[in-house]
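Q: Chains as they are written, first to last, in the numbering used here: chain X, -7 to 303; chain D, -7 to 303. Submitted below is the structure of interest, expressed as structure tokens.
2 protein chains.
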Amino acid sequence: MTPDVLPSWRPGASRDAVVRFLDQARAVPVEDRVACFDNDGTLWCERPRYAQLDFFVDALRTALARDPGLAERAEYAALLTGDRAARDEMGLGRIALALTELFEGISAQEFTARVRDFFDRAVHPTLDRPLRTLTYVPMLELLDELRRADFSVLIVTGGGTEFVRAVSQQLYGVPPEAVAGSLIDYDFLPTSDGSGPRLVRASRLVGPANEGAAKVTHIQTQLGRRPILAAGNSGGDREMLEWAAAGEGPTLALLVDHDDGDREFAYTSTAETFAEPEPITQVGARLGWTVVSMARDWETVFDGSGTGTTP
Amino acid sequence: MTPDVLPSWRPGASRDAVVRFLDQARAVPVEDRVACFDNDGTLWCERPRYAQLDFFVDALRTALARDPGLAERAEYAALLTGDRAARDEMGLGRIALALTELFEGISAQEFTARVRDFFDRAVHPTLDRPLRTLTYVPMLELLDELRRADFSVLIVTGGGTEFVRAVSQQLYGVPPEAVAGSLIDYDFLPTSDGSGPRLVRASRLVGPANEGAAKVTHIQTQLGRRPILAAGNSGGDREMLEWAAAGEGPTLALLVDHDDGDREFAYTSTAETFAEPEPITQVGARLGWTVVSMARDWETVFDGSGTGTTP
């Protein structure tokens, strides 16, 4: 492996583990070269808020301009007033599902267009650069390297499947069918008047939200693969990383540790270890995962050019 | 388009329509070049029985050798005794779900291995050649031509998603994540003893069986695409073909008419047209689909070499 591979990864144990895995994977049959990446906090910045929540709030403001009465709804009010206690009591799942109703009845094409329009103009609240440029350069390099090694690169996100699909090709080179996430259903509306059928967004989830054990079952049902590399950063990625690490042959469980408060944000997610909360970095150390320190292992975090594409 | 393109398609209106569509699609953005193919009766032979039913019966015989009591179960008895009336009364869905229980608790890898083992030895009951060689050569040529034109080629089958995924790469060059079908759920089993988690097949469907309107909603939810080409052969493909045909820009709705009793089987599926049954070929003619006559439009049906790969 030449030194110009993975240039944004500093020499050290993490880069060594990645390079060693890429070497070993050459002996794995191509159909088993499968890598699954979480998105929020693993491929792009998730602080101070998930990009999808910003998108929802943006859509809510647009909807309020037409229908001010929406502000009365409890889930929306909790967001708009910044009432943290109310938000935490309701849970993000309930709020997200309520926000999904803002898109009920539109087509997938319209939804995709709205997501792309949002990314064309959204700016990060503190890092002062376009949201679309807040993908992690070292991870983009890893995606490229994996594809060069004939891996299938899949995104397994806790976020909305179609929110991520709208930008996955542009940001990551990953096509829609290679993205599994929390999935909103559609309704097929036939017509008898010759105008052609329509397919419209519902506001109900297909199956459980894509976190924890659901990530593993969805990898199998929606993507039909078993990963030998899984990358994540939070308690919701734990089962997916365990699943990859438990495979035969070379495997890599990669955990991004957000320990860089200067260039990004410093925080640690917890996992439920048989009902006891435990920092996910501690879980990773205990289970022998490759824990990547953003502060020490990454020379670059975000692309300096600000275009959001791989340099 | 050179004459050596689609060599198994005879000159005529059907081949002209396909070639014209391929030409027109060059003006379509690559991300919108999406083609969805039904499998049974569209990409491979489905008569006298679905290949998956043969696979199930084969597995049932193996299970009976260990546990003869299984023969008492109503769904299995209807199959084993060839009691057509009992089969029709129960419906194929109920029988298929009962047969799925034969694989409950095994891993996806084991299931895939069993499907591949079956295809290694299964022979068609009347055509006297390996089942794996009963893919339609003109359709394989079309898949290749679409990929050359940068199409994403997706399989949208009424059959079991993972049954088709087990052979989709080998037979069609289509990876697992590009197959959507009738989907069986999995259970993730964590362990506390350090032996690593397991993922095992359940015997319950995720969502509805993949027929009719469900094919369209599943194309969106599982694959995240809108097809501009859809190909099918039965009433269960009607909505998918209507959906493709209703798109903007060039579209192609391709219906395979099984009118070749000499080389294959002669039969016509019916569709429910606003509650009235109507032959699907009549629906296709009425809606302006390209109805492909196997007898007249195809020079070759099956690969002469008997290897099951594209010549």
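C-beta: ideal position from N, C-alpha, C; glycine also.
#1: For residue 214(X), count neighbouring C-beta atoms within 10 Å of its own C-beta (all shown protein chains included) and say buried if the count is 16 or more, exposed if not.
#2: Going by beta-carbon coordinates alone, are residue 242(D) and residue 16(D) separated by less than 7 Å?
#3: Apply the 10 Å Cβ neighbour rule to residue 299(X) and answer buried if 16 or more other Cβ atoms are within range, or exposed otherwise.
#4: Can you name, in chain order, every residue of its own chain whose Cβ lies under 6 Å from the Cβ of residue 182(X), other than the five neighbours on each side?
#5: Quick check: residue 48(X) and residue 193(X), are their CB atoms within less than 7 Å of each other?
#6: Indicate whether at least one CB of chain X lies closer than 7 Å to the CB of residue 300(D).
#7: Taking a cut of 8 Å between CB atoms, which residues from the stretch 159 to 177 of chain X lie near chain D?
#8: Taking its Cβ as the centre, do 16 or more other Cβ atoms sit within 10 Å of residue 284(X), making it buried, or is it exposed?
#9: Measure from the C-beta of residue 104(D) to each C-beta in chain X and report whether the shortest distance is under 7 Å.
#10: Beta-carbon of residue 234(D) versus every beta-carbon of chain X: anything under 7 Å?
#11: Starting from residue 251(X), trace the beta strand (DSSP E) both ways and give me its first and last residue.
#12: Reducing DSSP to helix, strand and coil, say where residue 149(X) ends up.
#13: Tell me which residues of the stretch 137 to 156 of chain D have at least one Cβ-Cβ distance to chain X shorter than 8 Å, keeping chain order.
#14: What are the start and end residues of the beta strand (DSSP E) that includes residue 22(D)?
#15: Give the C-beta separation of residue 100(X) and residue 161(D) to the nearest angstrom, bearing in mind that I take them to be a contact with Cβ-Cβ under 8 Å.
#16: With the cut-off set at 7 Å, would you say residue 14(X) and residue 222(X) are in Cβ contact?
#17: List the residues of chain X whose Cβ lies closer than 7 Å to the Cβ of residue 296(D), in chain order.
#18: Check distances from the C-beta atoms of the stretch 188 to 209 of chain X to those of chain D and list, in chain order, the residues that come in under 7 Å.
#19: When you check each C-beta in the stretch 30 to 45 of chain X against every C-beta of chain D, which residues fall closer than 8 Å?
#20: What ranges does the beta strand (DSSP E) occupy inside the stretch 81 to 167 of chain X, keeping only unbroken runs of at least 3 residues that lie completely in it?
#21: Across the stretch 222 to 242 of chain D and the stretch 166 to 176 of chain X, are there enough close Cβ pairs to call them in contact, namely three or more that are closer than 8 Å?
#22: Around the C-beta of residue 147(X), are 16 or more other C-beta atoms found within 10 angstroms, so that it is buried, or is it exposed?
#23: What whole-angstrom Cβ distance do residue 33(D) and residue 289(D) have, given they're in contact under 8 Å?
#24: Would you verify that the beta carbon of residue 303(D) is, or is not, closer than 7 Å to some beta carbon of chain X?
#25: Does the CB of residue 183(X) have a neighbour CB from chain D at under 7 Å?
#26: Alpha carbon to alpha carbon, how far is residue 29(X) from residue 312(D)? Give it in angstroms, no decimals.
#27: Going by C-alpha to C-alpha distance, which of 7(D), 296(D), 92(D), 110(D) sits closest to residue 255(D)?
#28: Beta carbon of residue 145(X), beta carbon of residue 135(X): below 7 Å?
#29: Whose Cβ in chain X lies nearer than 8 Å to the Cβ of residue 215(D)?
#30: For residue 66(D), name the three-state secondary structure that DSSP assigns.
#31: Find the residues of chain D that neighbour residue 108(X), judging by a C-beta separation of less than 7 Å, and give them in chain order.
#32: Alpha carbon to alpha carbon, what distance is there between residue 246(D) and residue 279(D)?
#33: Against chain D, which members of the stretch 8 to 23 of chain X pass a CB distance test of less than 9 Å?
#34: Assuming the contact rule is C-beta atoms closer than 8 Å, residue 170(D) and residue 154(X) should be a hit. Round their C-beta distance to whole Å, please.
#35: Using the rule of at least 16 other Cβ atoms within 10 Å of the residue's Cβ for burial, across every protein chain shown, is residue 83(X) buried or exposed?
#36: On a Cα-Cα basis, can you pick out the residue from 202(D), 67(D), 51(D), 266(D) that is closest to residue 185(X)?
A: By the coordinates alone:
#1: buried
#2: yes
#3: At residue 299(X) the pLDDT is 44, less than 50, meaning the model places this residue with poor confidence and gives no usable figure here.
#4: 189
#5: No, they are not a contact pair.
#6: Its pLDDT being 41, under 50, residue 300(D) is placed unreliably in this model, and the value from its coordinates should be taken loosely. For residue 300(D), the answer is no, since every Cβ of chain X falls outside 7 Å of its Cβ.
#7: 161, 167, 168, 169, 170, 171, 175, 176, 177
#8: The residue is buried, with at least 16 neighbouring Cβ atoms inside 10 Å.
#9: no
#10: yes
#11: Counting along the chain, the unbroken beta strand (DSSP E) around residue 251(X) starts and ends at 244 to 251.
#12: strand
#13: 144, 146, 153, 154
#14: First-last for residue 22(D): undefined, no H or E at that position.
#15: Contact flag wrong, Cβ pair sits at about 27 Å.
#16: no
#17: By Cβ distance, chain X contributes nothing, its closest Cβ being about 28 Å from residue 296(D), past 7 Å.
#18: 188, 189, 191, 198, 199, 205, 208, 209
#19: So nothing in the stretch comes that close.
#20: 144 to 152
#21: no
#22: It is buried - the Cβ of residue 147(X) has at least 16 other Cβ atoms within 10 Å.
#23: With 8 Å as the limit, residue 33(D) and residue 289(D) do not qualify as a contact, their Cβ atoms being about 15 Å apart.
#24: Confidence at residue 303(D) is low in this model, with a pLDDT of 36, below 50, so the placement of that residue is unreliable and no value is reported for it.
#25: no
#26: Nothing in the structure corresponds to residue 312(D), since chain D is present only between -7 and 303.
#27: 296(D)
#28: yes
#29: Within chain X, the residues near residue 215(D) are 168, 169.
#30: helix
#31: Here the premise fails: no neighbours, minimum Cβ distance about 11 Å.
#32: Whole-angstrom Cα-Cα distance: 11 Å.
#33: 23
#34: About 17 Å separates the two Cβ atoms, so there is no contact after all.
#35: exposed
#36: 266(D)
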